[in-house]
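S.K.: Here it is: the structure, laid out below.
2 protein chains.
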Amino acid sequence: MTDAPKKENKSSVVRLYEEIKEMAISYSFKPGERVNEVELAKNLGASRTPLREALNRLVAEGFLTFVQGRGFFCRELKSREIYELYQMRTIIEVAAVRLACEQAADSELQDIQNFLDDRTSNFTEGTSNKELVAHDEEFHHMIMALTRNSEMSRLLGNVYDRIKFFRWIDMDSQHAKSQLEHADILKALIARDAESAAKLMENHIRRRLDQITEATKEGYSRIYMHS
Amino acid sequence: MTDAPKKENKSSVVRLYEEIKEMAISYSFKPGERVNEVELAKNLGASRTPLREALNRLVAEGFLTFVQGRGFFCRELKSREIYELYQMRTIIEVAAVRLACEQAADSELQDIQNFLDDRTSNFTEGTSNKELVAHDEEFHHMIMALTRNSEMSRLLGNVYDRIKFFRWIDMDSQHAKSQLEHADILKALIARDAESAAKLMENHIRRRLDQITEATKEGYSRIYMHS
DNA sequence: ACAGTACAAATTGTATACAATTCAGGTTTC
DNA sequence: GAAACCTGAATTGTATACAATTTGTACTGT
Chain A
0 MTDAPKKENK SSVVRLYEEI KEMAISYSFK PGERVNEVEL AKNLGASRTP
50 LREALNRLVA EGFLTFVQGR GFFCRELKSR EIYELYQMRT IIEVAAVRLA
100 CEQAADSELQ DIQNFLDDRT SNFTEGTSNK ELVAHDEEFH HMIMALTRNS
150 EMSRLLGNVY DRIKFFRWID MDSQHAKSQL EHADILKALI ARDAESAAKL
200 MENHIRRRLD QITEATKEGY SRIYMHS
Chain B
0 MTDAPKKENK SSVVRLYEEI KEMAISYSFK PGERVNEVEL AKNLGASRTP
50 LREALNRLVA EGFLTFVQGR GFFCRELKSR EIYELYQMRT IIEVAAVRLA
100 CEQAADSELQ DIQNFLDDRT SNFTEGTSNK ELVAHDEEFH HMIMALTRNS
150 EMSRLLGNVY DRIKFFRWID MDSQHAKSQL EHADILKALI ARDAESAAKL
200 MENHIRRRLD QITEATKEGY SRIYMHS
C-alpha cells in the first residue's frame, strides 16, 4: 500500500507555503517586486490570513523580505548573496564529507555508489537541466545524511533552494564533469581518505561558484541581476 | 524618558515576534507544551491574526513546532538537538576563524583586543550569567563579522539563540577559563596562524559541549530534559 | 517646468466572527 | 475494569470587515 489514498488534510498554510516557496525558488516573482496579497490570495484560492502566515515563514527562511507597512517583496538577485551562500555551502559540505568519512557504514557508501551507477546508465540526451540539478542535489544530500545531523541537513536544503535558480541556469554543460567529480569524492570516501575527500568536495563546489559568477557577469540573467 | 510615550512604529507582528522569541529562548514555555493562542494573544495585547504570523516565523526558525489542527508547541529539550547545534556551531566558527585570519584588517583585530581588555578590567563578582554569556557571544560575533558573510552571521545568531538557555545554566564557573581561551584565539589570529586559531576555536567550543552534556546528565535541568 | 499638496484608490494591518476540528468527561458496553 | 463511544466545551482554521497607511495622480502656485 502506498501513500496515495490517504485523506489529504494539508492545511491551507502548508499548501500555500509550499506553492509560494516553489514560486520564490524559480523567481516567478521578479526580484524586488512587491507581492500583492489580495491578488496572490485569489490566484491560489485562499484568503489573506493563511497567505500571510505562509509569507511570514518564507521571510524567516530568506526567500522574501518584509517591510513594515509596505508588505512582502521578492528577494533581490544580489551576486553578493549568491557568493555568501556558496561559501556557506562549501563550509558545510566540506565538514560533512569529513564527518561522513568517519561515520558512514560501508553499506551506506555502497548505496551511494549504486545510486551513481544507476544514474549514469539511465542518462539520456533529453534530460532537462532541472532533473540534472535534482540528481546532483540528491547526491549531496545523501552525503549530508551520513553526518546524522538533521539540523545541518535542513540548513543545506535551505541553501540549495535559495541558489537553485542559478544552478538551473548553469547546469548546461557541466553535468558530465560534475558526475565524474561525484565519483571521485565517493572513491575517496570509500578509501576513508578524509583529507582528499574534503579537498575534492571543496574544489567541486568552488568550480560551480566560479561558473556562476562567470555566467552572471556574461549576462545569462542580466534581465534580472541588479548588483 | 522611557519607552512608553514614543510613537511606536513597530508593527504588532514584529513586536510579538521579538517578545515570543525571548520567551522561547528562555523556555518560558515548557518543552513540548502547546501554545494557547487566545491566552497568549490576550497576555501580549493583540489578536490572534498577527500572533499567528509571528508564531509561523518562529516555526521556520526552529523555536517552535507546528502540528496541523493542534497548533503551536514549544520545542522539546532533546539532547540530540543540542548536540547537533553545537556541532554546527563548531563547523561554522572554525571555518570563520580561518577566513578571519586571511581577511581581517589589523585594526579590526585590535578592536577585538580592546573589547577583551575592556571587559576583563570591568568584570566584578556580581556579574550575572546572562551578562557573561552575552559578552561571550559578542566576542564570537565579532570574529564572525570578519568573514563579511552576513548569511553566516545570521545563521550563527540563530544557533546561539537556540542554545542560549543551556549556556545560561552552564556559564557558572567557566567564564574565567573561557576568557583566557578567547585571548589565545585572538593571539593566534593576530599572528595570522590560521591552523592554530582553528584548533583553539574547535577545542574552545568542544569543551563547552562536553560541559553541557555533563551538566544535563547530572540533572541540572532534569525537570525539563526529556531524552 | 517643477516642487508641493490634496485627495481618491489601492493596499496593508488587525480584530472579529464563525466553521471545523480536537479535547475532556462521563457513560455505555462487553 | 478497560475499551469504545458519545457530547459539549475548548481550540484552531480561515474568511471577512474595517481601520490605518501608502500610493498614484491630478491640481496648484511659483
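Protein sequence lines correspond, in order, to chains A and B.
Here the first sequence stands for residues 0 to 226, numbered as in numbering that gives the first Met the number 0.
Here the second sequence stands for residues 0 to 226, numbered as in numbering that gives the first Met the number 0.
Virtual Cβ for every residue (Gly too), placed ideally from N, Cα, C.
#1: Does the Cβ of A:L179 have 16 or more other Cβ atoms within 10 Å, making it buried, or fewer, making it exposed?
#2: Quick one: using the 10 Å Cβ neighbour count with 16 as the cut-off for buried, is B:T123 buried or exposed?
#3: Given a cut-off of 8 Å, decide if A:F164 and A:Y26 are closer than it, judged by their beta-carbon atoms.
#4: Thinking C-beta only, is A:R47 closer than 8 Å to A:F62?
#5: Per DSSP, what kind of secondary structure is B:R207 in: helix, strand or coil?
#6: Compare the beta carbon distance of A:I142 and A:A95 with 8 Å and say whether it is the shorter of the two.
#7: By Cβ distance below 7 Å, which residues in the same chain neighbour A:E213 in space, the five residues on each side in sequence not counted?
#8: Hey, how far is the Cα of B:A197 from the Cα of B:R69?
#9: Are there 16 or more other CB atoms within 10 angstroms of the CB of B:Q86, so buried, or fewer, so exposed?
#10: I'd like to check one pair, B:L84 with B:P30: are the Cβ atoms closer than 8 Å?
#11: At least one CB of chain B closer than 8 Å to the CB of A:M200: is that the case?
#12: Who are the neighbours of A:A94 on chain B, taking C-beta pairs under 7 Å?
#13: Let's see if you can read the secondary structure: which residues bound the beta strand (DSSP E) around A:G68?
#14: Quick one: is B:V13 near chain A, going by C-beta distance under 8 Å?
#15: Indicate whether at least one CB of chain A lies closer than 8 Å to the CB of B:E231.
#16: In the DSSP assignment, what residue or residues form a beta bridge with A:V34?
#17: Please identify the residue among A:I189, A:E32, A:E36 whose C-alpha is closest to the C-alpha of A:Q102.
#18: Below 8 Å on the Cβ atoms is my guess for B:A59 versus B:L50; work out the distance and round it to an integer in Å.
#19: In this structure, does DSSP put B:L15 in helix, strand or coil?
#20: If we ignore side chains and look at the alpha-carbon of each, how far apart do B:D117 and B:V132 end up?
#21: In angstroms with no decimal places, state the Cα-to-Cα distance between A:E38 and B:M151.
#22: If we ignore side chains and look at the alpha-carbon of each, how far apart do B:E36 and B:N55 end up?
#23: Does B:L179 come out as helix, strand or coil in the three-state DSSP assignment?
#24: To the nearest angstrom, how far is it from the Cα of A:S149 to the Cα of A:A99?
#25: How would you list, in chain order, the residues of chain B whose beta-carbon sits under 9 Å from the beta-carbon of A:E60?
#26: Within 8 Å (strictly less), CB to CB, does B:S78 reach chain A?
#27: Give a yes or no on whether the minimum CB-CB distance between B:E18 and chain A is below 8 Å.
M.R.: According to the structure shown:
#1: The residue you call residue 179 of chain A lines up with position 180 of the first sequence. Burial call: exposed.
#2: As a position in the second sequence, residue 123 of chain B is number 124, starting the count at 1. B:T123 should be labelled exposed.
#3: To locate residue 26 of chain A, count along the first sequence from 1; it is residue 27. To locate residue 164 of chain A, count along the first sequence from 1; it is residue 165. Cβ atoms of A:Y26 and A:F164: closer than 8 Å.
#4: For the purposes of this step, residue 62 of chain A is taken as residue 63 along the first sequence, with counting starting at 1. For the purposes of this step, residue 47 of chain A is taken as residue 48 along the first sequence, with counting starting at 1. Cβ atoms of A:F62 and A:R47: not closer than 8 Å.
#5: Numbered from its first residue, the second sequence carries residue 207 of chain B at position 208. In this structure, B:R207 counts as helix in the three-state DSSP scheme.
#6: On the first sequence, position 143 is the one that residue 142 of chain A refers to. On the first sequence, position 96 is the one that residue 95 of chain A refers to. Yes. Within cutoff.
#7: Here residue 213 of chain A refers to the residue found at position 214 of the first sequence. Within the same chain, A:E213 has no close Cβ partners at all.
#8: One-based indexing of the second sequence puts residue 197 of chain B at position 198. One-based indexing of the second sequence puts residue 69 of chain B at position 70. Cα to Cα, B:A197 sits roughly 45 Å from B:R69.
#9: Residue mapping note: residue 86 of chain B aligns to position 87 of the second sequence, counting from 1. Burial call: buried.
#10: As a working note, residue 30 of chain B is residue 31 in the second sequence. As a working note, residue 84 of chain B is residue 85 in the second sequence. Contact flag unset, no.
#11: Taking the first residue of the first sequence as 1, we reach residue 200 of chain A at position 201. With 8 Å as the cut-off, A:M200 does not count as an interface residue toward chain B.
#12: Residue 94 of chain A sits at position 95 when you count from the first residue of the first sequence. Residues of chain B passing the Cβ test: I90.
#13: Walking along the first sequence from the start, residue 68 of chain A turns up at place 69. Element bounds for A:G68: n/a, residue is neither H nor E.
#14: By one-based count along the second sequence, residue 13 of chain B stands at place 14. B:V13 counts as touching chain A.
#15: What the structure shows of chain B is the stretch from 0 to 226, and residue 231 of chain B is not part of that stretch, so it cannot be assessed.
#16: In the first sequence, residue 34 of chain A corresponds to position 35, counting from 1. In the DSSP output, where bridge partners are listed per residue, A:V34 has A:F71.
#17: The sequence position of residue 102 of chain A within the first sequence is 103, counting from 1. When only C-alpha atoms are compared, the closest one is A:I189.
#18: The sequence position of residue 59 of chain B within the second sequence is 60, counting from 1. The sequence position of residue 50 of chain B within the second sequence is 51, counting from 1. So it is not a contact: roughly 15 Å between Cβ atoms.
#19: As a working mapping, residue 15 of chain B is identified with position 16 in the second sequence. In the structure shown, B:L15 sits in a helix (DSSP, three-state: H, G or I).
#20: Looking up residue 117 of chain B in the second sequence gives position 118. Looking up residue 132 of chain B in the second sequence gives position 133. Going from the Cα of B:D117 to the Cα of B:V132 covers about 16 Å.
#21: For the purposes of this step, residue 38 of chain A is taken as the residue at position 39 of the first sequence. For the purposes of this step, residue 151 of chain B is taken as the residue at position 152 of the second sequence. Cα to Cα, A:E38 sits roughly 34 Å from B:M151.
#22: If you number the second sequence from 1, residue 36 of chain B lands on position 37. If you number the second sequence from 1, residue 55 of chain B lands on position 56. Going by the C-alpha atoms only, they are around 12 Å apart.
#23: Taking the first residue of the second sequence as 1, we reach residue 179 of chain B at position 180. DSSP places B:L179 in helix when its eight states are reduced to three.
#24: Indexing the first sequence from 1 puts residue 149 of chain A at position 150. Indexing the first sequence from 1 puts residue 99 of chain A at position 100. Rounded to the nearest angstrom, the two C-alpha atoms are 14 Å apart.
#25: Here residue 60 of chain A corresponds to residue number 61 of the first sequence, with the count starting at 1. Neighbours of A:E60 on chain B, chain order: A59, E60.
#26: Here residue 78 of chain B corresponds to residue number 79 of the second sequence, with the count starting at 1. So, not an interface residue.
#27: Translated into positions along the second sequence, residue 18 of chain B becomes position 19. Output row for B:E18: interface = no.
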